[in-house]
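Protein chains in written order, with our numbering: chain A, 1 to 116; chain B, 1 to 214. What follows is one structure encoded as structure tokens, with my remarks underneath.
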Amino acid sequence: MAGISTDLIRGHTNTIILNILSQGDSYGYDIYKKIIVLSDGKYELKEATLYTAFRRLLKDGEIESYWGDESQGGRRKYYRITEQGKQTYEQNKEEWENAKVILEQLIKGGIGHESE
Amino acid sequence: MNLNRKIDHYLDQVFKDVGKSQQLFDLKQELRVNMQERIKDYKEQGMDETVAFREAKVSIGDLNGLVEDMRVYGQQETRNRIYSSMTNRISTGFIVLGIMLILFGVMMTISMIFMDLEPVAKSGTSIFVVLGSGLLVYGILARETRKRYAMSKVRAGLYGISISVILFAVFVGVTSGLATGQLFIAFSSATIFMVIGIGLIVMLLLSRGETLRK
Numbered sequence: 001m002a003g004i005s006t007d008l009i010r011g012h013t014n015t016i017i018l019n020i021l022s023q024g025d026s027y028g029y030d031i032y033k034k035i036i037v038l039s040d041g042k043y044e045l046k047e048a049t050l051y052t053a054f055r056r057l058l059k060d061g062e063i064e065s066y067w068g069d070e071s072q073g074g075r076r077k078y079y080r081i082t083e084q085g086k087q088t089y090e091q092n093k094e095e096w097e098n099a100k101v102i103l104e105q106l107i108k109g110g111i112g113h114e115s116e
Numbered sequence: 001m002n003l004n005r006k007i008d009h010y011l012d013q014v015f016k017d018v019g020k021s022q023q024l025f026d027l028k029q030e031l032r033v034n035m036q037e038r039i040k041d042y043k044e045q046g047m048d049e050t051v052a053f054r055e056a057k058v059s060i061g062d063l064n065g066l067v068e069d070m071r072v073y074g075q076q077e078t079r080n081r082i083y084s085s086m087t088n089r090i091s092t093g094f095i096v097l098g099i100m101l102i103l104f105g106v107m108m109t110i111s112m113i114f115m116d117l118e119p120v121a122k123s124g125t126s127i128f129v130v131l132g133s134g135l136l137v138y139g140i141l142a143r144e145t146r147k148r149y150a151m152s153k154v155r156a157g158l159y160g161i162s163i164s165v166i167l168f169a170v171f172v173g174v175t176s177g178l179a180t181g182q183l184f185i186a187f188s189s190a191t192i193f194m195v196i197g198i199g200l201i202v203m204l205l206l207s208r209g210e211t212l213r214k
């Protein structure tokens, strides 16, 4: 199973979380599972990393949190994307579209004709 | 030890030398619930509880960053709590003492009025009201509540003194008026204290903006 290196994905943790939350409110372990499903089991974001990212996103106003009202067991802490978060998500998506093309060229492109 | 106890014990260990704070309480609750669910999933996949618990601890990842975050909250919380409980305890003392003195002064003065005394003796005990009011004002202003921070001790003290001085002016006026039966003596003796008291309060009110901006 080919994974993806932590270095490559680090800058995108926030966008991945925003993507999941833009499709509905969710809580820590559920987001963890959804990331595994989204990557077809090729990527596992550690829960500890998730909680750190939640704290940062909360502080920046991209997401909000609230306690669920589960009747049995403890209450879950849910996260909800804010209007600002939705904007940030759209912006990051656009940036990614551009970066993808440029990176593809930088990593695989040849400069063949100029050296002749 | 049942599973929930084990999870609690584990989380207490991870955050063992972190000071208490609302944030820490919430984070532990969040981690606890998510661990419970994860272990439940593992068990449904056929793991026994001990293995599932061990797996859950491993896969949660490195919590050190969160521990450090929580440590900062804990330290702030401890500082705030020590400070506010100290000042609030002192302010409670002042408020209680102030109210007691005021009550004592009022009751004594009322009973003096009904006693068959010379006019000058009647107002004497109301000096306790003068003292008590100053202490009460200080106590209220130096108190920290949910809505506002405590005023600095010096400012609160000056407000208390100015209230006492103004009331003292009234006291002096009434007493000397009763003693001499002359209205002009009452006013002239009250004037100096009234001027000092009101001057002090005006100064305090006007300098409020400057203190805020610091």
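Don't be surprised by glycine CBs; every beta carbon is placed ideally from N, CA and C. A quick note: this is a predicted structure, and the numbers were derived from the prediction, not measured.
Chain-ordered neighbours of residue i on chain A, where CB pairs are closer than 7 Å
{"i": "E37/B", "result": "Y29"}
Local Cβ density within 10 Å of residue i, reported as buried at 16 or more and exposed below that
{"i": "N34/B", "result": "buried"}
{"i": "F25/B", "result": "exposed"}
{"i": "T88/A", "result": "buried"}
{"i": "E62/A", "result": "buried"}
{"i": "I111/A", "result": "exposed"}
{"i": "L8/A", "result": "exposed"}
{"i": "N2/B", "result": "exposed"}
{"i": "L183/B", "result": "exposed"}
{"i": "S176/B", "result": "buried"}
{"i": "A121/B", "result": "exposed"}
{"i": "L103/B", "result": "exposed"}
{"i": "K34/A", "result": "buried"}
{"i": "L103/A", "result": "exposed"}
{"i": "E83/A", "result": "exposed"}
{"i": "V172/B", "result": "buried"}
{"i": "I31/A", "result": "buried"}
{"i": "R213/B", "result": "With a pLDDT of only 47 at R213/B, under 50, the local geometry of the prediction cannot be trusted, and the value read off the model is given with reservation. Classification for R213/B: exposed."}
Helix, strand or coil at residue i according to DSSP, with G and I counted as helix
{"i": "K16/B", "result": "coil"}
{"i": "Y43/A", "result": "coil"}
{"i": "S26/A", "result": "strand"}
{"i": "D62/B", "result": "coil"}
{"i": "S152/B", "result": "coil"}
{"i": "N19/A", "result": "helix"}
{"i": "Q29/B", "result": "helix"}
{"i": "A142/B", "result": "coil"}
{"i": "M203/B", "result": "helix"}
{"i": "G110/A", "result": "coil"}
{"i": "M115/B", "result": "coil"}
{"i": "R75/A", "result": "coil"}
{"i": "S123/B", "result": "coil"}
{"i": "I90/B", "result": "helix"}
{"i": "E116/A", "result": "Because the pLDDT of E116/A is 46, which lies under 50, any placement of that residue in the model is unreliable, and the question is left without a value."}
{"i": "V72/B", "result": "helix"}
{"i": "Q91/A", "result": "helix"}
{"i": "S21/B", "result": "coil"}
{"i": "N2/B", "result": "coil"}
{"i": "I166/B", "result": "helix"}
Contact under 7 Å by Cβ, residue i with residue j
{"i": "F94/B", "j": "Y138/B", "result": "yes"}
{"i": "R32/B", "j": "S91/B", "result": "no"}
{"i": "S133/B", "j": "I110/B", "result": "no"}
{"i": "Y27/A", "j": "R80/A", "result": "no"}
{"i": "V165/B", "j": "S123/B", "result": "no"}
{"i": "K42/A", "j": "G11/A", "result": "no"}
{"i": "L18/A", "j": "G85/A", "result": "yes"}
{"i": "I36/A", "j": "E44/A", "result": "yes"}
{"i": "L136/B", "j": "G98/B", "result": "yes"}
{"i": "A186/B", "j": "A169/B", "result": "no"}
{"i": "K66/A", "j": "Y51/A", "result": "Residue identity differs from the one stated: residue 66/A is Tyr in this sequence, not Lys. No."}
{"i": "G19/B", "j": "E68/B", "result": "no"}
{"i": "T15/A", "j": "N92/A", "result": "yes"}
{"i": "I167/B", "j": "V130/B", "result": "According to the sequence as given, residue 167/B is Leu; it is not Ile. Yes, they are a contact pair."}
{"i": "A150/B", "j": "T50/B", "result": "no"}
{"i": "F128/B", "j": "G157/B", "result": "no"}
{"i": "L63/B", "j": "V96/B", "result": "no"}
{"i": "Y29/A", "j": "E37/B", "result": "yes"}
{"i": "P119/B", "j": "L204/B", "result": "no"}
Amino acids of chain A, ordered along the chain, whose beta-carbon sits closer than 8 Å to that of residue i
{"i": "I60/B", "result": "K46, E47 and A48"}
{"i": "V130/B", "result": "Neighbours of V130/B on chain A: none; closest Cβ ~51 Å, over 8 Å."}
{"i": "G65/B", "result": "A48 and T52"}
{"i": "Q29/B", "result": "G74, R75 and K77"}
Per DSSP, cross-strand counterpart(s) of residue i
{"i": "E44/B", "result": "According to DSSP, which records beta bridges pairwise, E44/B is partnered with nothing at all."}
{"i": "E64/A", "result": "R80/A"}
Chain-ordered chain B contacts of residue i [CB-CB under 7 Å]
{"i": "R55/A", "result": "D69"}
9 Å Cβ cut-off: residues of chain D touching residue i
{"i": "R32/B", "result": "This model lacks chain D altogether; the protein chains it does include are A and B."}
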